[in-house]
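These protein sequences, in sequence, are chains Y and B.
For any residue, its number in this note's numbering is found by taking its place in the first sequence, counting from 1, and adding 276.
For any residue, its number in this note's numbering is found by taking its place in the second sequence, counting from 1, and adding 176.
Every residue gets a Cβ at the ideal spot worked out from N, C-alpha and C, and that includes glycine.
Below you'll find the structure, written out as structure tokens, and then a few comments.
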Amino acid sequence: MNAEFDRLDRAWYIDRIAKGLIFLCGISAIIFILSIFVFIFAQAFGFITEDLDVGEFLTDPTWRPTSESNPVYGTLALIAGTASVTGLAMLISVPISLGAAIYISEFATGRTKEVLKVVIEMLAAIPSVVWGFIGLTIMNPLIIQIFDVPMGLNVLNAGIILGLMAAPIMTTIAEDALKAVPDSYREAAEAMGATRWQIIRRVVLPSARNGLTAAVLLGVGRGFGETMAVLMASGHSVNLPTSPFDSVRALTATIAAELGETAHGSPHFGALFTIGVMLLLITFAINLTADLIIRGGWKQRGHN
Amino acid sequence: MAEPQASAIRTRGLNLWYGDFQALFDVDLDVAPKQVTSLIGPSGCGKSTLLRSINRINERIDSVRMEGEIRVLGHDVLAPEIEKAQLRKRVGMVFQRPNPLPLSIRDNVLFGWRIDHGGRPDKDEGEALLEESLRRVLLWDRVKDRLGQRATGLSLEEQQKLCIARLLPVQPQVLLMDEPCSALDPAATSAVEELIWELREQYTILLVTHNMAQARRASDDCVFMLMGKLVEKGPTGELFLTPQRQETADYIEGRYG
Ligand SMILES: Nc1ncnc2c1ncn2[C@@H]1O[C@H](COP(=O)(O)OP(=O)(O)OP(=O)(O)O)[C@@H](O)[C@H]1O
Ligand SMILES: [Mg+2]
């Protein structure tokens with residue numbers, strides 16, 4: 277009898293194997309993140325322990341890694357490049373995205389709403405090299421013409437391009453946040469005689485505050501990490517920008533442009549990976565903050 | 177029934193459709209001022225629909241189409257020049273589920289005033305309005321020490337009273353209530369019922385209810401609806417004792433759901 281009851285048949289083995297595989301897929305994200313971090317950090321390790329001068333790295337505007345006699349690894353200009361482009365991009369994309377999200381969530385109905393959402397998702401899917409191309413071939417001559425400057429590849433160009441790139445994702449996330457505001461709030465306010473705008477201003481936006489902040493933060497994260505479009509539109513020259521018409525170079529673009537030409541294991545190579553570590557930490561921090569804010573919002577709503 | 181005085185709410189030939197589905201058929205409703213009129217009828221007969229057409233909040237639903245006449249305090253509510261926001265300040269609404277806004281108790285009560293005046297009341301005026309409104313709904317003593325706390329943390333009874341209180345600062349004349357007690361336990365129900373009875377001195381109240389005992393206890397007039405039609409209306413006592421129509425009698429005796 278027992279031989280019958282403890283029999284391990286094919287179904288049992290398949291079940292075991294399936295469980296194991298699914299578990300692996302499930303935790304693969306964690307494995308990847310950890311391995312990426314370990315890999316990048318390992319590449320940067322030699323530079324960090326031997327050549328890195330933290331003060332110089334963070335505060336020197338001179339990026340001269342290829343000098344034979346006196347290489348300087350200062351990333352201040354690159355940080356300023358990334359920050360100025362991202363900052364301008366946010367100035368452009370935050371209002372547009374919030375406006376678009378409010379329109380889609382609070383005003384658009386039926387077909388308009390569906391079409392807009394699909395189009396915005398399509399916008400989000402445009403490869404960044406295409407955006408860079410637009411920066412090079414359309415924005416560049418346009419900026420030269422309109423502002424009468426010798427060069428159109430600069431903070432302004434990259435900021436606009438990056439702003440347009442970040443807007444679709446921010447719009448989508450912001451719209452999710454607005455959609456999560458219970459309709460009973462709107463109804464209550466409307467029944468008290470609030471106008472559309474009063475409902476949005478006094479009820480919907482405050483209730484969605486956490487989600488909207490997270491949307492903006494994720495947009496900032498996108499800006500920091502973007503490489504190709506910024507590389508193509510920013511002019512790619514190391515500069516502490518003093519006006520939107522200065523060319524700059526971003527942290528990411530520096531890695532992309534130089535990594536292929538450095539000797540594996542050289543200090544220059546290590547310095548680029550150290551920039552990578554820095555970028556990784558910053559985007560981690562931004563995403564984590566966004567995540568915590570969203571979760572915080574949920575908890576608060578749960579209390580209600 | 178004699179015509180004692182002009183109706184506060186009066187509909188004539190009111191038809192309403194949700195898309196192709198007709199939910200109200202030629203409704204002629206009269207609601208006397210400064211009384212509680214209850215609106216009863218089986219589930220799905222159109223009580224909420226009728227109530228929600230009076231302040232036109234049902235136009236939130238795109239498919240809604242109305243025909244006929246609705247007059248509130250003599251004004252033709254469906255006229256094109258009517259500003260819905262202004263109408264709703266005169267005609268307050270209380271919902272089935274208490275729905276305070278996710279703001280402090282204070283901001284909930286002053287919300288209507290602020291959107292009406294486009295700013296905050298100055299401190300003394302605001303505090304006076306707050307106290308008066310909360311006293312009116314018998315909530316002041318219970319919440320006066322925590323006016324800054326979120327209204328969503330109150331008990332359901334307190335929330336529902338707050339939802340009534342927040343209508344008062346803009347001085348509405350009509351209050352529409354859609355089963356205001358159905359989310360409350362029996363003790364809270366009778367507390368809110370008493371409050372409604374109390375408020376009728378000052379406001380015209382139209383009260384939708386599923387609860388026959390509540391209609392008897394808490395209304396002067398009663399209107400019975402069935403399948404989108406207004407079947408019978410009259411003083412509550414008469415309607416319950418000597419209903420004129422067979423359907424009314426059947427419903428009162430509990431022969432419909
Ligand atoms: N948004 C809507 N779209 C389509 N039909 C609706 C909508 N709201 C209500 N109806 C229909 O209209 C009719 C009347 O509904 P209403 O909510 O007014 O009934 P009620 O008397 O308030 O019922 P209850 O006692 O259950 O609240 C019902 O048949 C209902 O299915
Ligand atoms: Mg109803």
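With distance defined between alpha-carbon atoms, name the residue in the options nearest to residue i.
i               : options                        : result
A208 of chain B : B:E257, B:I281, B:V248         : B:V248
Y349 of chain Y : Y:L367, Y:S360, Y:A356, Y:V330 : Y:V330
L438 of chain Y : Y:D291, Y:I380, Y:Q474, Y:G357 : Y:G357
G499 of chain Y : Y:S345, Y:W339, Y:I368, Y:D282 : Y:I368
V496 of chain Y : Y:Y461, Y:T565, Y:N433, Y:L548 : Y:T565
A255 of chain B : B:N231, B:E308, B:L310         : B:N231
G536 of chain Y : Y:A526, Y:L548, Y:R525         : Y:L548
A505 of chain Y : Y:A456, Y:T471, Y:T413         : Y:T413
G294 of chain B : Y:G469, Y:T448, Y:A359         : Y:G469
E326 of chain Y : Y:E344, Y:G546, Y:K295         : Y:G546
I355 of chain Y : Y:N515, Y:A377, Y:Y379         : Y:N515
V313 of chain B : B:R326, B:L375, B:P297         : B:L375
P520 of chain Y : Y:L440, Y:I445, Y:T362         : Y:T362
A442 of chain Y : Y:T528, Y:D285, Y:G322, Y:A401 : Y:A401
K265 of chain B : B:E377, B:Y194, B:K210, B:I233 : B:I233
F333 of chain Y : Y:L297, Y:V553, Y:G572         : Y:V553
V285 of chain B : B:M401, B:L344, B:K299         : B:L344
E390 of chain Y : Y:A365, Y:A318, Y:T448, Y:H544 : Y:T448
Q347 of chain B : B:Q262, B:E245, B:L227         : B:Q262
T385 of chain Y : B:D283, B:D238, B:Q420         : B:D238
F494 of chain Y : Y:A359, Y:D567, Y:A294, Y:P426 : The displayed chain sequence assigns Leu, not Phe, to residue 494 of chain Y. With distances taken between Cα atoms, L494 of chain Y lies closest to Y:D567.
F201 of chain B : B:K223, B:E414, B:W289         : B:K223
Are residue i and residue j touching if we call contact CB-CB under 7 Å?
i               : j               : result
A341 of chain B : I372 of chain B : no
L192 of chain B : M242 of chain B : yes
T559 of chain Y : G487 of chain Y : no
P276 of chain B : L332 of chain B : no
G271 of chain B : D354 of chain B : At residue 271 of chain B the sequence reads Phe, which differs from the Gly that was named. Contact flag set, yes.
N433 of chain Y : G411 of chain Y : yes
D336 of chain Y : N430 of chain Y : no
V399 of chain B : V267 of chain B : no
A450 of chain Y : S373 of chain Y : yes
R273 of chain B : A364 of chain B : no
A532 of chain Y : T503 of chain Y : yes
L253 of chain B : I281 of chain B : Going by the sequence as given, residue 253 of chain B is Val instead of Leu. Contact: no.
I380 of chain Y : L392 of chain Y : yes
L399 of chain Y : P444 of chain Y : yes
L527 of chain Y : I562 of chain Y : no
C221 of chain B : M401 of chain B : yes
A365 of chain Y : G435 of chain Y : yes
G324 of chain B : G244 of chain B : no
A484 of chain Y : A464 of chain Y : no
D396 of chain B : V203 of chain B : no
S214 of chain B : A425 of chain B : no
H512 of chain Y : R525 of chain Y : yes
So what's residue i in DSSP terms, helix, strand or just coil?
i               : result
I230 of chain B : helix
F521 of chain Y : coil
N580 of chain Y : Interpretation of N580 of chain Y is limited by its pLDDT of 37, a score under 50 that renders its predicted location unreliable; the figure taken from the coordinates is listed afterwards. Coil.
C398 of chain B : strand
I445 of chain Y : helix
R421 of chain B : coil
F201 of chain B : strand
A178 of chain B : With a pLDDT of 38 at A178 of chain B, under the threshold of 50, the predicted position of this residue should be treated as unreliable, though the coordinate-derived value follows. A178 of chain B falls in the coil class under three-state DSSP.
K575 of chain Y : Unreliable placement is indicated for K575 of chain Y, whose pLDDT of 49 sits below 50; the coordinate value is still reported in the next sentence. K575 of chain Y: helix per DSSP, three-state reduction.
H540 of chain Y : coil
Y379 of chain B : coil
R283 of chain Y : coil
S345 of chain Y : coil
E243 of chain B : strand
G189 of chain B : strand
P371 of chain Y : helix
G357 of chain Y : helix
L557 of chain Y : helix
M403 of chain B : coil
For residue i, is the beta carbon positioned less than 6 Å from some heavy atom of ligand 4?
i               : result
K405 of chain B : Judged by which ligands are present, ligand 4 is missing from the structure shown, whose ligands are ligand 1 and ligand 2.
Discussion item. Under 8 Å: do the segment 372-384 of chain B and the segment 403-411 of chain B share three or more Cβ pairs, one atom per stretch?
Written reply: no
Discussion item. In chain order, what are the residue ranges of uninterrupted beta strand (DSSP E) at least 3 long that sit wholly in the segment 331-365 of chain B?
Written reply: 350-354
Discussion item. I'd like to know if the segment 413-424 of chain Y and the segment 473-480 of chain Y are in contact, where contact means that at least 3 CB-CB pairs between them fall below 8 Å.
Written reply: no
Worksheet item: Which ranges would you report for the alpha helix (DSSP H) in the segment 375-425 of chain Y if only whole runs of at least 4 residues count?
Response: 386-400, 404-410, 416-423
Item to complete: Quick one: which unbroken alpha helix (DSSP H) runs of 4-plus residues sit fully inside the segment 273-304 of chain B? Chain order, please.
Response: 281-293
Discussion item. Could you tell me which whole beta strand (DSSP E) segments of length 3 or greater appear in the segment 481-534 of chain Y?
Written reply: none
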